[in-house]
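K.L.:
Structure below; questions to follow.
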Amino acid sequence: MAADRKAAHRKPRQRLFTGPAARTAATLALAGAATATALEGSAQADPQLTTAQVRAKVDRLYHDAEVATEKYNGAKEQSAASEKSLDALRDEAARRTARLNTARDALGSWATAQYRSAGIDPAVRLALSSDPDEYLERASFEDRAGDRQAGAINGVRRQIGDIAQLRARAQDELAVLASRRAELKRQKDTVRTKLADARKLLATLTADQRAAYERSADAAHGGGAVRADRSTPRGPVAAPNARAAQAVDFAYGALGKPYVWGATGPASFDCSGLTQAAWRAAGVSLPRTTYTQINAGQRVPRSELAPGDLVFFYPGVTHVGLYIGGGQMIHAPRPGAPVRIAPISEMPFAGATRVA
């Protein structure tokens, strides 16, 4: 009896599947595991971005691309300056080398003449001379000529040293140029990456969502006040001087032209390229970048802005427009948005400069 009760409480032994039953069980187990993994992955996957979230990310990418664009513009300007300096050093070295070769040729002719006459003792030449007074006079001249040749030799030595210094400076400038070209490439790659990421995000939107994004972006940049048509009617510009009026007139003529990063016109512009071109049309040379243009004139407070003033935005001074009066500016906003009129209140104001 005790044995029977013990057997009754014993846990039944599990029967193992064999053959087809085993394969069926394995298949079910794998399917269950796959389903669980899929559900787990779905739970961890990023939710689909809303149109507003896409817009916020795209706007941020455009802003970052503009920051990199201004750094690219600066690196390009510095690279061009290094190339110009390097060319000047090489040209100067070539000119000095030509002068050195001329001096060497003259010394070579003198050395050849001395070699040819060096075998005759001066006393013998005096004895053979038909006119001793003439010989003595010639000997005195040769001594003076020797002094001059010694000076010429020292001059050649100095020229060789100067050319060596020029070549060393050229090597240093070449290293600077290589560094600036590397920075130029890095900023170019950054711009392209940011813009490519923005295009990928916009590609996730439907046509209707894309249109809604463009409308919302325009609304954020001034709504109905934004105009990008060169036929926009305008009254006389109350600019402080003729040059400022010319710069504003140029900016009006650029309305509707596309934004292209790194462009300075005449067919397309980035933000600082537009302001530089506008003032260049007025006969004033501006630096290339936003962060150098802000120091290109006299700072003016926002309350005293006049047409032609440069208006800057964002803490890093990464965007610029040309003020046209009435709280409005003309600027090149971003890729996909042409040169347009917009209120200066659309972005964080960073300062203003009066060029002339």
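Numbering (my numbering), first residue to last: 89 to 444.
Note that CB positions come from ideal geometry on N, CA and C, so glycine has one too.
Small disclaimer: the values here were computed from a predicted structure and weren't measured.
Taking the beta carbon of F400 as the centre, do at least 16 other beta carbons fall within 10 Å, making it buried, or is it exposed?
P.N.:
buried
K.L.:
So, T441 versus Q297, is the Cβ gap smaller than 8 angstroms?
P.N.:
no
K.L.:
How is the alpha helix (DSSP H) around T441 delimited, first residue to last?
P.N.:
Where T441 is concerned, there is no enclosing alpha helix (DSSP H), although the beta strand (DSSP E) around it starts and stops at F437 to R442.
K.L.:
Less than 8 angstroms between the beta carbons of A370 and F357, yes or no?
P.N.:
no
K.L.:
If I measure Cβ to Cβ from Y160 and keep anything under 7 angstroms in the same chain, skipping five residues before and after, which residues do I get?
P.N.:
So the list reads L272, Q275, K276, V279 and G350, once near-sequence residues are dropped.
K.L.:
Quick one: residues in its chain with C-beta nearer than 8 angstroms to the C-beta of L445, no 5 flanking neighbours on either side, listed in chain order?
P.N.:
Past the edges of the chain, shown from 89 to 444, lies residue 445, and the structure says nothing about it.
K.L.:
Where do the N-terminal and C-terminal ends of the alpha helix (DSSP H) with Y347 fall, by residue?
P.N.:
Annotation: Y347 is outside any alpha helix (DSSP H) and is labelled neither H nor E by DSSP.
K.L.:
For Q136, name the three-state secondary structure that DSSP assigns.
P.N.:
coil
K.L.:
Give, in chain order, every unbroken run of the alpha helix (DSSP H) that is at least 4 residues long and sits entirely within the segment 329 to 372.
P.N.:
330 to 341 and 359 to 369
K.L.:
Could you tell me the boundaries of the alpha helix (DSSP H) in which Y379 lies?
P.N.:
T378 to Q381
K.L.:
For a quick check, are the C-beta atoms of T184 and L254 less than 8 angstroms apart?
P.N.:
The amino acid occupying residue 184 in the given sequence is Arg; Thr does not appear at that position. Their beta carbons are under 8 angstroms apart, which means R184 touches L254 by this criterion.
K.L.:
Can Q150 and R422 be called in contact, C-beta distance under 8 angstroms?
P.N.:
According to the sequence provided, residue 150 is Tyr. The question's Gln does not apply to it. Against a cut-off of 8 angstroms, the Cβ pair of R422 and Y150 comes out as a contact.
K.L.:
May I ask which residues mark the beginning and end of the beta strand (DSSP E) holding P68?
P.N.:
Coverage of the chain is limited to positions 89 through 444, which leaves residue 68 absent and any answer about it impossible.
K.L.:
State yes or no: is the C-beta of G413 within less than 8 angstroms of the C-beta of A335?
P.N.:
Not in contact: G413 and A335 (Cβ atoms no closer than 8 angstroms).
K.L.:
With DSSP run on the structure shown, which of helix, strand or coil describes G311?
P.N.:
Caution is warranted here: a pLDDT of 45 is assigned to G311, below 50, making its placement in the model unreliable, and no coordinate value can be reported.
K.L.:
Quick one: using the 10 Å Cβ neighbour count with 16 as the cut-off for buried, is K172 buried or exposed?
P.N.:
exposed
K.L.:
Beta-carbon within less than 7 angstroms of Q259's beta-carbon, same chain only, minus the 5 sequence neighbours each way: which residues are those?
P.N.:
Hits under 7 angstroms: none found.
K.L.:
Who are the Cβ neighbours of L374 in its own chain at under 6 angstroms, not counting the five residues just before and after it?
P.N.:
The residues are Q364, W367, Q381 and A384.
K.L.:
If you draw a straight line from the alpha carbon of E158 to that of L362, how long is it in whole angstroms?
P.N.:
13 angstroms
K.L.:
Short of 7 angstroms in beta carbon distance, which residues of its chain neighbour A114, apart from the five on each side in sequence? Order them along the chain.
P.N.:
For A114, the predicted model reports a pLDDT of 41, less than 50, meaning its position is unreliable; a value from the coordinates is still stated below. Around A114: no qualifying Cβ.
K.L.:
From the DSSP secondary-structure annotation, give me the bridge partner or partners of R387.
P.N.:
For R387, which the question treats as bridged, DSSP gives the partners T441.
K.L.:
Starting from the Cα of L262, find the closest Cα among A326, G344 and L177 and give me that residue.
P.N.:
L177
K.L.:
Between the C-alpha atoms of A444 and P403, what's the straight-line distance to the nearest angstrom?
P.N.:
25 angstroms
K.L.:
Kindly list the residues whose CB is nearer than 7 angstroms to the CB of P426, restricted to its own chain and excluding five residues on each side of it in sequence; keep chain order.
P.N.:
A316, G344, K345, P346 and Y347
K.L.:
Where does the unbroken beta strand (DSSP E) through V399 begin, and where does it stop?
P.N.:
Unbroken beta strand (DSSP E) run through V399: L398 to F401.
K.L.:
Can you give me the C-alpha to C-alpha distance between Q386 and E165, rounded to a whole angstrom?
P.N.:
23 angstroms
K.L.:
So, under 8 angstroms CB-CB, A327 and A333 are touching, yes? Tell me the CB distance rounded to an integer number of Å.
P.N.:
4 angstroms
K.L.:
R422 bridges to which residues according to DSSP?
P.N.:
A425
K.L.:
Once you ignore the five residues that flank M435 on each side, which residues in its own chain have a CB closer than 8 angstroms to its CB?
P.N.:
Cβ neighbours of M435 within its own chain (closer than 8 angstroms, five residues either side excluded): F401, Y402 and H407.
K.L.:
Going by DSSP, which residues form a beta bridge with H458?
P.N.:
Not covered by the structure: residue 458. The range shown for the chain is 89 to 444.
K.L.:
Excluding the 5 residues flanking M417 on each side, which residues of the same chain have their C-beta closer than 8 angstroms to its C-beta?
P.N.:
V399, G409, L410, Y411, I429, A430, P431 and I432
K.L.:
Quick one: Cα of G243 to Cα of V372, how far?
P.N.:
G243 and V372: Cα-Cα distance of roughly 45 angstroms.
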